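Engineer:
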Amino acid sequence: MVEDEEDTTSLLILLLGAYGCKIEHATDGRQAQHMIDTIAPPNLILLDIMLPHLSGLELLPYIRQKAVWHNVPVIMLTADSDEHTVKQALAAGANDYLVKPFHSHTLTARINRFLKPPASHGSL
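So this is what it looks like as structure tokens:
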């Protein structure tokens, strides 16, 4: 997860915790880039666009160029609702795009496309 807003981060940790996921979190683009270079790829990436140092749009090609990270699903999670930005993110390799503020059920439905839903909760 690459997110710089504390409130959004807390909500995402709560939602992803239901999946039993180990959550790796970067608060800016440089930290995310370092993680891409040093850790095993995750099952899913939630990526903000408006980040300090490197934007999510700058990170997407970097993710897609790394052989072991190339096929990791990326959901853009951002306040930027501009149609051009949505098209740009999808063209750069994002698998989905969700605009903040979002409803938790909408996010979990999108996550369920890429991860197995939690057994105890079904599809959140």
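Take the sequence shown: its position 118, counting from 1, is numbered 118 in this note's numbering, and each next residue is one higher. Don't be surprised by glycine CBs; every beta carbon is placed ideally from N, CA and C. Here the structure is a predicted model, which is why all the values come from computation and not from measurement.
#1: By the 10 Å Cβ neighbour count, where 16 or more other Cβ atoms means buried, how is L57 classified, buried or exposed?
#2: With hydrogens ignored, establish whether the beta-carbon of N95 is closer than 7 angstroms to any heavy atom of the ligand SAM.
#3: Taking all protein chains shown into account, do 16 or more other C-beta atoms lie within 10 angstroms of the C-beta of V134, making it buried, or fewer, making it exposed?
#4: For L14, which of helix, strand or coil comes out of DSSP?
#5: With M76 as the anchor, note down where its beta strand (DSSP E) starts and where it stops.
#6: State the Cα-Cα distance for the pair W69 and G93, rounded to the nearest angstrom.
#7: In terms of residues, what are the limits of the alpha helix (DSSP H) holding D37?
#8: Using a threshold of 8 angstroms, state whether the C-beta atoms of L115 and Y19 are closer than that.
#9: With distance defined between alpha-carbon atoms, name the residue in P61, T108 and N71 nearest to L77.
#10: Going by the CB atoms, is the gap between M1 and E24 shorter than 8 angstroms?
Structural biologist: Inspection of the coordinates gives the following:
#1: Buried.
#2: The ligand content of the structure shown is nil, which means the ligand SAM is not present either.
#3: Since the first and last residues shown for the chain are 1 and 124, residue 134 lies out of range.
#4: helix
#5: V74 to T78
#6: 12 angstroms
#7: G29 to T38
#8: yes
#9: T108
#10: For E24 and M1, yes; Cβs fall inside 8 angstroms.
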